[in-house]
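Peer 1:
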Amino acid sequence: MTRLTLRYAFSASHRLHSSEFSAEENCRVYGKCNNPHGHGHNYFLEVSLTGPVDPVTGLLANRGAVDAWVRKEILARVEYRNLNEEMPEFKRLVPTTENVARIFSEALSRSYAAHFGTPSELRFDRVRIHETRNNLFEMEAHEVQQ
Amino acid sequence: MRITRRVEFSASHRCAVPGWSEEQNRAAFGADANPYGHGHNYVLEVTLSGDVDPVTGMIVDLKDVKEILHREVVDVMDHRYLNAEVSPFDTVVPTAENIAQDIWRRLLPHFNTPQVRLEQVRLYETENVYVEVDAA
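See the structure below:
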């Protein structure tokens, strides 16, 4: 199997806070990430596709088409944004990077056919999100609830 | 258990299909189709799997792995223009996909025993583009 991965950078802010918890519980569960003013990260998003390599071009997927898809579905919505305030998905859902990975995977799964059109063996396979250099979150496409 | 050995090599290439117009190549390959070629610092990660030998505590001697990676990949590709100097890229477009698959084919015969198996080849063309090949 051959898998192509493209990596993108984006910067965004968030605050980890659950309305289910008291102030003390939020502080205990999320620590510094519960700071009422929020904080930001320079995230890296990796998007992977699997499929056959075209025998003529040697390409698994057109890089420009993947860039346009990720830019429209993800980057345009998150770059220099406050995830809690500016993404409707996080009005109720805490924007932990686990949840960010899930929301991104769902958005990419949902929009894949519209961007890549006719059925082929090319598949969206995985997202990996580096929240910092030290924290990595991965979700595979088959884990997305249809 | 899996172990990964990393090596780097620098090479130039140009991605274009012979016989296609400049517009067709530009649409498929973007700046990779620039006529005079360009280069990358490729990073190769080779992952092997096997059981740990109870005496040596090793799956495989990493000195031997290093020697094979250099002989089969680095010595062949480092500081070369892939299209002109490295088979099969005189006839096959040297995309990251094709280079990674070629490296897989070069290495597989060396790590194909019950003791040591080739699990994955991961080739970074840049920090933002990588291709993985495995046996699945």
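Residue numbers (the working numbering), protein chains in the order written: chain S, 2 to 147; chain X, 229 to 364. Think of the CB as a built atom: it goes at the ideal place given N, C-alpha and C, for glycine as much as any other residue. For clarity, every value in this text was computed on a predicted model and none was experimentally measured.
#1: Under DSSP, the alpha helix (DSSP H) around phenylalanine 257/X begins and ends at which residues?
#2: Would arginine 72/S count as contacting chain X if we go by Cβ distances under 8 Å?
#3: Ends of the alpha helix (DSSP H) at glycine 41/S?
#4: Listed in chain order, which residues of the segment 284 to 300 of chain X have Cβ atoms closer than 8 Å to some Cβ of chain S?
#5: For the putative contact between cysteine 243/X and alanine 255/X, defined by C-beta atoms under 8 Å, what is the C-beta separation to the nearest angstrom?
#6: Based on Cα-Cα distance, which residue from Leu84/S, Asn63/S, Pro37/S lies nearest to histidine 15/S?
#7: Going by the DSSP bridge assignment, what does isoleucine 130/S pair with across the sheet?
#8: When you compare the CB positions of glutamate 47/S and arginine 8/S, do they come within less than 8 Å of one another, or not?
#9: May I ask which residues mark the beginning and end of the beta strand (DSSP E) holding phenylalanine 11/S?
#10: Express the C-alpha separation of glutamine 343/X and aspartate 306/X in angstroms, rounding to a whole number.
#11: Taking a contact to mean a Cβ-Cβ separation below 8 Å, would you say leucine 272/X touches leucine 346/X in this structure?
#12: Taking the beta carbon of arginine 103/S as the centre, do at least 16 other beta carbons fall within 10 Å, making it buried, or is it exposed?
#13: In three-state terms, what does DSSP make of aspartate 362/X?
#14: According to DSSP, simplified to helix, strand and coil, what is tyrosine 113/S?
#15: Specify, as a first and last residue, the run of the beta strand (DSSP E) that glycine 65/S falls within.
#16: Spell out whether any CB of chain S is found under 8 Å from the CB atom of asparagine 356/X.
#17: Using a Cβ-Cβ cut-off of 7 Å (strictly less than) and excluding sequence neighbours within five positions of valine 199/X, which residues of its own chain qualify?
#18: Is glutamine 348/X helix, strand or coil when you go by DSSP?
#19: Using CA atoms only, rank isn't needed, just tell me which of Thr354/X, Arg333/X, Phe339/X, Ala364/X is closest to histidine 266/X.
#20: For the alpha helix (DSSP H) containing tyrosine 31/S, name the first residue and the last one.
Peer 2: Quick look at the numbers:
#1: As a working note, residue 257/X is residue 29 in the second sequence. 250 to 257 is the span of the alpha helix (DSSP H), which, as asked, contains phenylalanine 257/X.
#2: To locate residue 72/S, count along the first sequence from 1; it is residue 71. By this cut-off, arginine 72/S is not an interface position.
#3: On the first sequence, residue 41/S is found 40 positions in, with the first residue counted as 1. No alpha helix (DSSP H) contains glycine 41/S, which is instead part of the beta strand (DSSP E) from 40 to 51.
#4: none
#5: As a working mapping, residue 243/X is identified with position 15 in the second sequence. As a working mapping, residue 255/X is identified with position 27 in the second sequence. In fact, because the Cβ distance is near 12 Å, the residues do not count as touching under 8 Å.
#6: Locating residue 15/S in the first sequence gives position 14, where the first residue counts as 1. Comparing Cα-Cα distances from histidine 15/S to each of Leu84/S, Asn63/S, Pro37/S, the minimum goes to Leu84/S.
#7: As a working mapping, residue 130/S is identified with position 129 in the first sequence. According to DSSP, which records beta bridges pairwise, isoleucine 130/S is partnered with Leu46/S, Phe138/S.
#8: What you label residue 47/S is simply residue 46 of the first sequence in a count that begins at 1. What you label residue 8/S is simply residue 7 of the first sequence in a count that begins at 1. The answer is yes: Cβ separation under 8 Å.
#9: As a position in the first sequence, residue 11/S is number 10, starting the count at 1. That run of the beta strand (DSSP E) goes 3 to 15.
#10: The sequence position of residue 306/X within the second sequence is 78, counting from 1. The sequence position of residue 343/X within the second sequence is 115, counting from 1. Near 30 Å, if we compare the C-alpha coordinates of glutamine 343/X and aspartate 306/X.
#11: Translated into positions along the second sequence, residue 272/X becomes position 44. Translated into positions along the second sequence, residue 346/X becomes position 118. No, they are not a contact pair.
#12: Translated into the one-based positions of the first sequence, residue 103/S becomes position 102. By the 10 Å Cβ count, arginine 103/S comes out buried.
#13: One-based indexing of the second sequence puts residue 362/X at position 134. It is a strand residue.
#14: The sequence position of residue 113/S within the first sequence is 112, counting from 1. DSSP places tyrosine 113/S in helix when its eight states are reduced to three.
#15: By one-based count along the first sequence, residue 65/S stands at place 64. Looking at the DSSP string, glycine 65/S is not in any beta strand (DSSP E); the run it does join, the alpha helix (DSSP H), is 64 to 71.
#16: Taking the first residue of the second sequence as 1, we reach residue 356/X at position 128. Output row for asparagine 356/X: interface = yes.
#17: Nothing about residue 199/X can be reported from this structure: the residues present for chain X run from 229 to 364 only.
#18: As a first step, residue 348/X is located in the second sequence; it is residue number 120 there, counting from the start. Residue state, collapsed to three classes: strand.
#19: Position 38 of the second sequence, counting from 1, holds the residue named residue 266/X. When only C-alpha atoms are compared, the closest one is Thr354/X.
#20: Locating residue 31/S in the first sequence gives position 30, where the first residue counts as 1. Segment 24 to 31, the alpha helix (DSSP H) holding tyrosine 31/S.
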